Amino acid sequence: MPSLLSTFLLSFMLAVPAFSLAAPSPPASPSFEVIAVQAEAARTQDRVADAIRLYREGTHLRPAWSDGWWYLGSLLYDQDRFSEAEAAFRHLLPSPKYRGPVNAFLGLCEYETGNYVDAQTQFRTWANAGWPATPELRDVAVFHFALLLTRDGRFVESLYLLASEAPRLGDLPELSEAMGLASLRMRYLPEDFPPKEREPIWLAGKAALYAAQTNQEFNRADEFAARLESRYGSQPGVHAFRATLYGFELKKPEAEREYRAELEISPNDVSSMVALALIDLEKGELAEADALARRALDADSKDAEAHHILGRVLLAKGDLPASLSELETAKELAPGNPLVRSHLAMVLSKLGRTQEAKAESAAFLVLKNKQDVMASVQEKLGEDTRKKAH
Amino acid sequence: MRKLLLIASLAATALLAPFAAAQMAPAAPKQSLDQLLQAAEKARDGNRDDDAIRLYRRAVAQQPESEQGLWFLGTLLYEKKQYPDARDVLRQFMTLRPDAGPGWSMLGLSEFETRDNRRALDHLQHAMSSGMGDRTELVQRVFKDVAVLLTRFERYDDSLDMLLKMLDTNAQQPDLIEPAGLAGLRLPLLPAEIPPDRRELVGLAGRAVMALQTRHNEEAETAFKRLVTAYPNESGVHFLYGAYLMELHPNQAVPELERELEISPTHVLARVRLAEALIAQRNFDRALVLAQQAIQLDPKRASAHMMAGEALVAKGQSDEGIKELEIARADDPAVSRTHWDLLRAYTAAGRKEDADREKKEIEKLYHSNQPGGSSAGGDNPHDQAAP
Chain A
1 MPSLLSTFLL
11 SFMLAVPAFS
21 LAAPSPPASP
31 SFEVIAVQAE
41 AARTQDRVAD
51 AIRLYREGTH
61 LRPAWSDGWW
71 YLGSLLYDQD
81 RFSEAEAAFR
91 HLLPSPKYRG
101 PVNAFLGLCE
111 YETGNYVDAQ
121 TQFRTWANAG
131 WPATPELRDV
141 AVFHFALLLT
151 RDGRFVESLY
161 LLASEAPRLG
171 DLPELSEAMG
181 LASLRMRYLP
191 EDFPPKEREP
201 IWLAGKAALY
211 AAQTNQEFNR
221 ADEFAARLES
231 RYGSQPGVHA
241 FRATLYGFEL
251 KKPEAEREYR
261 AELEISPNDV
271 SSMVALALID
281 LEKGELAEAD
291 ALARRALDAD
301 SKDAEAHHIL
311 GRVLLAKGDL
321 PASLSELETA
331 KELAPGNPLV
341 RSHLAMVLSK
351 LGRTQEAKAE
361 SAAFLVLKNK
371 QDVMASVQEK
381 LGEDTRKKAH
Chain B
1 MRKLLLIASL
11 AATALLAPFA
21 AAQMAPAAPK
31 QSLDQLLQAA
41 EKARDGNRDD
51 DAIRLYRRAV
61 AQQPESEQGL
71 WFLGTLLYEK
81 KQYPDARDVL
91 RQFMTLRPDA
101 GPGWSMLGLS
111 EFETRDNRRA
121 LDHLQHAMSS
131 GMGDRTELVQ
141 RVFKDVAVLL
151 TRFERYDDSL
161 DMLLKMLDTN
171 AQQPDLIEPA
181 GLAGLRLPLL
191 PAEIPPDRRE
201 LVGLAGRAVM
211 ALQTRHNEEA
221 ETAFKRLVTA
231 YPNESGVHFL
241 YGAYLMELHP
251 NQAVPELERE
261 LEISPTHVLA
271 RVRLAEALIA
281 QRNFDRALVL
291 AQQAIQLDPK
301 RASAHMMAGE
311 ALVAKGQSDE
321 GIKELEIARA
331 DDPAVSRTHW
341 DLLRAYTAAG
351 RKEDADREKK
361 EIEKLYHSNQ
371 PGGSSAGGDN
381 PHDQAAP
């Protein structure tokens with residue numbers, strides 16, 4: 001076992017100067033320089049255990065050594081030692097050099113250690129910084145961010161992220177599973193959903209993944225969706241998913257049929273009521289649209305889309321004050337939704353409130369041009385908006 | 001599982017012996033570590049696992065790079081079903097001992113229990129390539145879990161290959177029925193994820209696949225017929241039966257594969273195998289259409305390009321056929337049938353150098369005994385390993 005023994009001896013030899021240097025000493029100790037060189041050599045020679053030990057020693061000697069913390073965190077992350085990696089990455093939060101990527105890594109570490117709320121905060125910070133990362137880190141971080149959004153019940157945002165990855169990543173089992181969870185609106189992570197749900201999740205995920213490909217493989221998507229429906233048609237969420245898929249395919253009658261089927265199974269499903277109300281609105285069937293929107297609000301008075309659609313229905317009916325009230329509530333609940341702003345501008349304009357209408361139109365343009373749904377509202381409505389609005 | 005752990009532990013004891021000797025060096029701060037390790041070992045030997053865990057934890061806290069401490073702590077935690085803790089400890093151990101095959105196996109098994117399936121698969125495969133010695137029970141467990149995880153990641157043919165190799169060494173393995181059924185039906189579920197009302201379907205398919213592999217042809221035929229009768233509209237069933245018939249009664253395979261395409265219109269492999277059957281019947285036009293559809297659905301599917309190439313060459317469109325065969329060769333160089341196709345096509349086209357190269361490739365494949373052959377429900381059309 002010579003390699004083991006030499007590893008042991010090396011660590012022992014290195015430990016001696018480390019201990020002697022741990023005492024208060026000038027910050028630019030030459031021993032730190034030696035350790036930094038040795039750490040670099042160990043890392044580039046793939047001697048991972050040595051590299052970790054040396055970076056630990058180096059960062060202990062010089063806590064401001066940001067490159068050391070970075071490599072230490074990265075090495076530990078590569079070894080799947082997430083809580084230790086997280087501790088190392090935390091030292092980099094004040095460092096401008098690593099701002100952004102370090103948030104992505106922290107999000108990943110916190111995901112793996114089960115600190116889901118903190119992980120999501122880190123991912124959001126990372127997103128607001130413009131998603132800075134290598135392509136590999138970006139893929140992994142976006143994927144995990146999406147998983148957390150699903151767990152949080154933010155299925156549309158999650159699907160948006162996953163679908164944006166789908167054309168590049170292709171038919172990846174992990175991706176289809178994640179899309180399946182979001183598509184069926186299941187607030188689970190891949191590692192904690194009930195095992196009996198695996199088949200419907202897989203079927204829905206494959207359908208969603210094929211529909212999200214660049215060349216939109218709707219035939220394949222439909223085949224998996226049909227299998228899902230035939231096997232699990234009585235399960236909540238299945239018809240709503242099928243309806244959404246038909247919506248992508250611009251098959252409106254089929255979508256309408258599926259939303260109605262969903263409401264048979266889940267009478268209080270707000271998304272299906274809102275979607276049906278929208279279909280009714282487009283067909284000019286305002287009475288049912290009105291009733292559905294109000295039913296949706298009875299089920300969830302805080303649903304922004306329900307207020308939005310009711311506002312639109314009331315606008316179509318010519319009841320401008322009532323429409324304005326609903327749309328203002330929708331704006332309050334979902335300030336980042338560009339369409340709410342657009343409809344609000346229309347109502348305000350009809351009411352002769354020109355300045356406010358202009359402000360809402362400006363907000364609409366800014367929000368619409370910010371394709372990135374993950375950006376915060378404050379970031380979306382930056383200085384530009386205020387200038388345009390006033 | 002206790003036995004599995006004991007086996008793994010014994011293996012590690014041998015691995016760790018030199019390290020333990022090094023730790024016995026008479027340095028003052030080491031004594032308490034040694035004492036802790038000795039006390040922990042005594043507790044472990046006396047089946048006082050909780051005491052042993054506590055003592056190993058103290059040893060590891062004192063010396064985080066104690067391989068002995070990490071290993072036994074990790075395996076004991078696994079045995080106590082504290083899988084997340086076992087996993088974390090074993091990850092620390094693997095940083096120190098990336099050469100330890102049994103370590104990768106215990107880590108992979110822990111990750112399998114915590115449903116970290118991707119890492120479990122990677123690490124169990126790493127254990128297989130690192131070597132786990134002759135610890136039969138551990139090896140069998142790892143092989144089975146790898147096969148099960150390969151199916152979960154939609155690598156059905158790799159999974160079937162592993163399962164069939166396991167059956168070659170021991171045909172009586174009832175715990176392989178469900179994994180074989182899932183891989184055969186191309187259902188990416190773990191056995192624990194099979195819905196109760198699907199167990200019969202999966203069981204029937206698994207028994208059929210296993211009977212086929214163990215050359216119990218009558219039993220296989222009976223099982224397949226029962227499967228098709230009981231589940232005539234189930235996706236994957238007719239493909240599996242058709243793939244089986246391709247081996248024994250190619251003409252009867254055609255209606256089964258056609259039926260599969262009625263049930264699963266975008267089934268890529270049903271198209272490929274149907275194209276193969278039609279080529280055997282010299283129906284090259286229809287075979288070509290099916291192969292081209294398969295390519296459109298899955299451009300990277302080597303077998304689809306191979307079928308398209310064969311059909312084109314047979315129709316006299318040599319240049320286009322060779323192009324397809326060359327794509328098939330690039331995507332999966334281990335399939336000897338593609339090399340045989342190319343050898344014949346190059347020879348007919350007077351491309352002697354290219355033909356000689358293919359001949360050498362065929363000989364190389366023959367000697368290296370690369371499989372590339374067919375299995376129940378598998379991807380590769382019937383391979384022609386010999387002239």
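Chains A and B supply the protein sequences, listed in that same order. Taking the working numbering, the leading residue of the first sequence gets 1, the next gets one more, and so forth. Taking the working numbering, the leading residue of the second sequence gets 1, the next gets one more, and so forth. For every residue, glycine included, the Cβ atom is placed at its ideal position computed from N, Cα and C. These numbers come from a predicted model, not from an experiment.
Who are the neighbours of residue i on chain B, taking C-beta pairs under 7 Å?
{"i": "Pro173/A", "result": "Phe153, Glu154, Pro188"}
{"i": "Arg198/A", "result": "Leu189, Glu193"}
{"i": "Trp202/A", "result": "Pro188"}
Quick one: which chain A residues come within Cβ less than 7 Å of residue i?
{"i": "Asp116/B", "result": "Glu191"}
{"i": "Leu96/B", "result": "Ala49"}
{"i": "Ser32/B", "result": "Near Ser32/B there are no residues of chain A at all, since even the closest Cβ is about 17 Å away, more than 7 Å."}
{"i": "Thr388/B", "result": "Any property of residue 388/B remains undetermined from this structure, which presents chain B solely from 1 to 387."}
Please confirm whether residue i and residue j have their CB atoms less than 8 Å apart.
{"i": "Glu199/A", "j": "Leu189/B", "result": "yes"}
{"i": "His239/A", "j": "Glu258/A", "result": "yes"}
{"i": "Leu248/B", "j": "Leu227/B", "result": "no"}
{"i": "Ala141/A", "j": "Leu161/A", "result": "no"}
{"i": "Leu288/B", "j": "Gly236/B", "result": "no"}
{"i": "Ala345/B", "j": "Gly321/B", "result": "yes"}
{"i": "Ser176/A", "j": "Lys206/A", "result": "yes"}
{"i": "Ala296/A", "j": "Ala306/A", "result": "yes"}
{"i": "Gly311/A", "j": "Ser301/A", "result": "no"}
{"i": "Ser395/B", "j": "Leu297/B", "result": "Because chain B spans 1 through 387 in this model, residue 395/B falls outside it and cannot be assessed."}
{"i": "Leu292/A", "j": "Met273/A", "result": "yes"}
{"i": "Gln79/A", "j": "Val48/A", "result": "yes"}
{"i": "Trp69/A", "j": "Ala88/A", "result": "yes"}
{"i": "Ala204/A", "j": "Phe241/A", "result": "yes"}
{"i": "Met210/B", "j": "Leu240/B", "result": "no"}
{"i": "Leu167/B", "j": "Val146/B", "result": "no"}
{"i": "Asn339/B", "j": "Glu361/B", "result": "Note that residue 339/B is His in the sequence shown here, rather than Asn. Contact flag set, yes."}
{"i": "Phe364/A", "j": "Ser342/A", "result": "yes"}
Name the chain B residues whose beta carbon is nearer than 8 Å to that of residue i?
{"i": "Pro195/A", "result": "Leu190, Ala192, Glu193"}
{"i": "Asp80/A", "result": "Arg91, Arg119"}
Anything in chain A within Cβ reach of residue i, meaning under 8 Å, just list it in chain order.
{"i": "Ser110/B", "result": "Going along chain A, no residue has its Cβ under 8 Å from Ser110/B, so there is no contact; the nearest lies around 11 Å."}
{"i": "Ser235/B", "result": "Arg227"}
Please compile the residues from chain B whose C-beta is within a distance smaller than 9 Å of the C-beta of residue i.
{"i": "Ile52/A", "result": "Thr95"}
Given 7 Å as the limit, tell me if residue i has its C-beta closer than that to any heavy atom belonging to the ligand GTP.
{"i": "Phe105/A", "result": "Ligands are entirely absent from the displayed structure, and the ligand GTP is therefore not among its contents."}
Which runs of the alpha helix (DSSP H) fall wholly inside the stretch 191 to 252 of chain B and span at least 4 residues, in chain order? 199 to 213, 217 to 230, 237 to 248, all fully within the stretch 191 to 252 of chain B.
Okay, do the stretch 69 to 76 of chain B and the stretch 86 to 93 of chain B touch, 3+ Cβ pairs below 8 Å being the bar? The stretch 69 to 76 of chain B, when compared against the stretch 86 to 93 of chain B, does touch it at the 8 Å Cβ threshold.
Is it a yes or a no for the stretch 303 to 318 of chain B touching the stretch 260 to 280 of chain B, going by three-plus beta-carbon pairs under 8 Å? Contact between the stretch 303 to 318 of chain B and the stretch 260 to 280 of chain B is present, because at least three Cβ pairs lie under 8 Å.
Would you be able to state if there are at least three C-beta pairs under 8 Å between the stretch 128 to 135 of chain A and the stretch 179 to 193 of chain A? No, they do not touch.
List, from N- to C-terminal side, the alpha helix (DSSP H) runs of 4 residues or more that fit wholly inside the stretch 211 to 289 of chain A. Within the stretch 211 to 289 of chain A, the complete alpha helix (DSSP H) runs of at least 4 residues are 218 to 232, 238 to 248, 252 to 265, 270 to 283.
Kindly provide the ranges of any alpha helix (DSSP H) runs that are 4 or more residues long and lie completely inside the stretch 253 to 292 of chain B, ordered along the chain. List check, alpha helix (DSSP H) in window: 268 to 280.
Answer yes if the stretch 153 to 164 of chain B comes into contact with the stretch 192 to 199 of chain B, meaning at least three C-beta pairs across the two stretches below 8 Å, and no otherwise. At 8 Å Cβ cutoff, the stretches do not touch.
Run through the stretch 116 to 176 of chain A for me and flag every whole alpha helix (DSSP H) of 4 or more residues, listed as ranges in chain order. Within the stretch 116 to 176 of chain A, the complete alpha helix (DSSP H) runs of at least 4 residues fall at 116 to 128, 135 to 151, 155 to 169.
Continuous alpha helix (DSSP H) assignments of at least 4 residues falling wholly in the stretch 105 to 192 of chain B: Positions of the alpha helix (DSSP H) runs, each at least 4 residues long and wholly inside the stretch 105 to 192 of chain B, are given as 117 to 130, 136 to 152, 156 to 169, 177 to 185 in order along the chain.
Count Cβ pairs between the stretch 32 to 51 of chain A and the stretch 47 to 54 of chain B that sit closer than 8 Å; are there 3 or more? Pairwise C-beta distances place the stretch 32 to 51 of chain A out of contact with the stretch 47 to 54 of chain B, as fewer than three of them are shorter than 8 Å.
Whether or not the stretch 126 to 137 of chain B and the stretch 209 to 216 of chain A are in contact is what I'm after, with contact meaning three or more pairs of Cβ atoms, one per stretch, closer than 8 Å; do they touch? Between the stretch 209 to 216 of chain A and the stretch 126 to 137 of chain B there are fewer than three C-beta pairs closer than 8 Å, too few to call the two in contact.
Counting pairs of beta carbons, one from the stretch 110 to 123 of chain B and one from the stretch 81 to 99 of chain A, are three or more of them closer than 8 Å? Judged by Cβ distances under 8 Å, the stretch 110 to 123 of chain B makes no contact with the stretch 81 to 99 of chain A, as fewer than three pairs qualify.
Complete runs of the alpha helix (DSSP H) confined to the stretch 294 to 369 of chain B [at least 4 residues]: Every alpha helix (DSSP H) of 4 residues or more that sits fully in the stretch 294 to 369 of chain B is shown, in chain order, as 302 to 314, 318 to 331, 336 to 348, 352 to 368.
Any chance the stretch 146 to 157 of chain A sits against the stretch 112 to 126 of chain A, with 3 or more Cβ pairs inside 8 Å? The stretch 146 to 157 of chain A, when compared against the stretch 112 to 126 of chain A, does touch it at the 8 Å Cβ threshold.
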